[in-house]
Each structure stands twice: as structure tokens, then as C-alpha cells.
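One point on numbering: in the working numbering, the residue at position 192 of the sequence shown is 202, and numbering is uninterrupted.
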Amino acid sequence: NAGKSTLKQVIENAEAQALFTAVGAGSGPDFNLDASRYGRIIILCDADVDGSHIRCLLLTLFYHYMRPMLEDGRIYAAQPPLYTTKVGDKTVHAFSDAEREQLTQELAKGNRRAENIAWVRFKGLGEMDVEELAETCLDPQTRILRRITMHDAKEVAEAGNLFETLMGNDVARRRQYLLDNSDLVDREALDV
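Laid out in C-alpha cells, this is it:
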């Protein structure tokens, strides 16, 4: 967690070092956007809560040590589906419980009954076969990417404050934030 770690700890972390090396533009105050080997970076994680946590950890690392990539709009998050079903020859994907319910109602027209629509929940990217992964996450024509960016200093400050709250050392501050925002949690999306 780059939000809680010292610079020395981050620099000694093998995963962080591998990412810094792959990007090839340094880190922290020495980061040089023009030296980056990549025009953009796509973060691909599972569609569940654990995947969201991993994405948050990566974004925290980018925020603290490669911020110009965020500011320049070069960081993207791939949006893999959480559910899939087949209806005739057509494959349908849902990205949340709410969307699955909505699609079930839409698909349950005519002779088809909602309870006969069998959704498969992906527990992770490893459960997808090669074709599903390629279609939903890799193919530029069919994948969904969300740009992660910060347009101005205000957004940077707000994002920094949120990153510090969620990933920093102040447990009481994080606890209060979670309590204040617990009504925003989709409890059905929790895998418990």
C-alpha cells in the first residue's frame, strides 16, 4: 500500500519496482512523463470487491509515484463483466447485480421466463475462457475502458485527500469515512 508505506519501503517492493521498470520513466519527483514507454496503461482486475481493492492499490501507487500519468489521462481501468448468460446464439454480459436484474427482465419476454435465464458469475478473470477474456477485456472493438484522470488541481487535491483517507495511516479517519458512507455500499455485491 503506497499510501501507508515509506519511500524506502516502496522502492524496495518487488512489484512496485517491476512497475517502475516497465513504465521506464522513474518515480516520485524524478518521474518523467516523456520517458514513459507506454502511451497509456490499462489496469485489468477482477470485477469483484477484491479486484476493486487491487485497482485502488495500483491507483494509489500511480497517484503517489507516477502522478503525471494520471494528470495526463494515461491510466485506464478495463471493465470486465461480473455475469454472463447465453440467450440463443447471443452472449449477454452484466457488470453489476442491478444490471443483471434489469437484463433478466428485458430478456424474459415472449416465451422466455426469468427463472430460466441461467447467469454465470465470474469469480475472477481466471474463470473466463480465452475467447471471453479477449472479447470483454482485450479487443479494442468490444472492451469497455474507463479513463482514470485528474483535470485540475482541485480534483488532484480531492483525490489525494480521498487516497489519504482510504489508504493512509489514520485508521480513525478511515473508519469515520466508511461509517459516513456505508449507505452507499451495494451489500448484494459483497462476496460474504
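In this text, a Cβ means the ideal position worked out from N, Cα and C, and glycines have one as well.
For this session: Rank Leu-68, Leu-117 and Gln-112 by C-alpha distance to the C-alpha of Lys-100 and give the top, closest one.
Result: Between Lys-100 and the set Leu-68, Leu-117 and Gln-112, the nearest pair of CA atoms involves Leu-117.
Problem set entry | Contained beta strand (DSSP E) runs [length at least 3] in the region 66-148, N- to C-terminal order | You should have 85-88, 93-97 and 100-104.
Exercise. In or out: Ser-192 buried (at least 16 other Cβ within 10 Å) or exposed?
Worked result: Classification for Ser-192: exposed.
Exercise. Is the number of C-beta pairs between the region 111-131 and the region 167-186 that are closer than 8 Å three or more?
Worked result: Taking one beta carbon from each stretch, the region 111-131 and the region 167-186 have fewer than 3 pairs nearer than 8 Å; the two do not touch.
For this session: Compare the C-alpha of Asn-126 against each of Gln-115, Arg-156 and Gln-89 and name the closest.
Result: Restricting attention to Gln-115, Arg-156 and Gln-89, the CA atom closest to the CA of Asn-126 is found in Gln-115.
For this session: Could you tell me the distance, in whole angstroms, from the CA atom of Ala-290 to the CA atom of Asp-58?
Result: Nothing about residue 290 can be reported from this structure: the residues present for the chain run from 11 to 202 only.
For this session: Compare the beta carbon distance of Met-80 and Tyr-86 with 8 Å and say whether it is the shorter of the two.
Result: Per the sequence presented here, residue 80 reads as Leu, with Met not at that position. For Leu-80 and Tyr-86, no; Cβs fall outside 8 Å.
Exercise. Along the chain, where does the alpha helix (DSSP H) that runs through Arg-185 open and close?
Worked result: From DSSP, the alpha helix (DSSP H) with Arg-185 extends over 181-190.
Exercise. Hey, how far is the Cα of Ala-163 from the Cα of Val-140?
Worked result: Low per-residue confidence applies at Ala-163: pLDDT is 38, beneath 50, and the placement is therefore not dependable enough to give any value.
Problem set entry | Assigned exposure category for Leu-194 - 16 Cβ within 10 Å defines buried | The residue is exposed, with fewer than 16 neighbouring Cβ atoms inside 10 Å.
Exercise. Apart from the five residues just before and just after Ala-45, which ones in its own chain have a Cβ nearer than 8 Å to its Cβ?
Worked result: Gly-34, Ala-35 and Gly-36, listed in sequence order.
Problem set entry | Expected contact under 8 Å - CB spacing of Tyr-75 and Val-20 to nearest Å | Going by Cβ atoms, the distance from Tyr-75 to Val-20 rounds to 7 Å, so yes, they are a contact pair.
For this session: Please state whether DSSP places Ile-51 in a helix, a strand or coil.
Result: Note: Ile-51 maps to strand in three-state DSSP.
Problem set entry | Straight-line Cα distance separating Lys-96 from Gly-38 | Approximately 47 Å, taken between the alpha carbons.
For this session: Verify the contact flag: Thr-146, CB atom, against every heavy atom of the ligand SAH, threshold strictly below 7 Å.
Result: Judged by which ligands are present, the structure shown has none, so any question about the ligand SAH falls away.
Exercise. What span of residues does the beta strand (DSSP E) with Ile-158 cover, start to end?
Worked result: Per DSSP, the unbroken beta strand (DSSP E) holding Ile-158 starts and ends at 155-158.
Exercise. On the three-state DSSP scale, how would you describe Glu-39?
Worked result: The sequence shown places Pro at residue 39, rather than the Glu named in the question. For Pro-39, the secondary structure class from DSSP, reduced to helix, strand or coil, is helix.
For this session: Would you identify the three-state DSSP class for Ala-26, choosing helix, strand or coil?
Result: Three-state result, Ala-26: helix.
For this session: Find the nearest neighbour of Pro-90 within the set Arg-153, Asp-40 and Leu-69, judged by alpha-carbon distance.
Result: The shortest C-alpha separation from Pro-90 is found at Arg-153.
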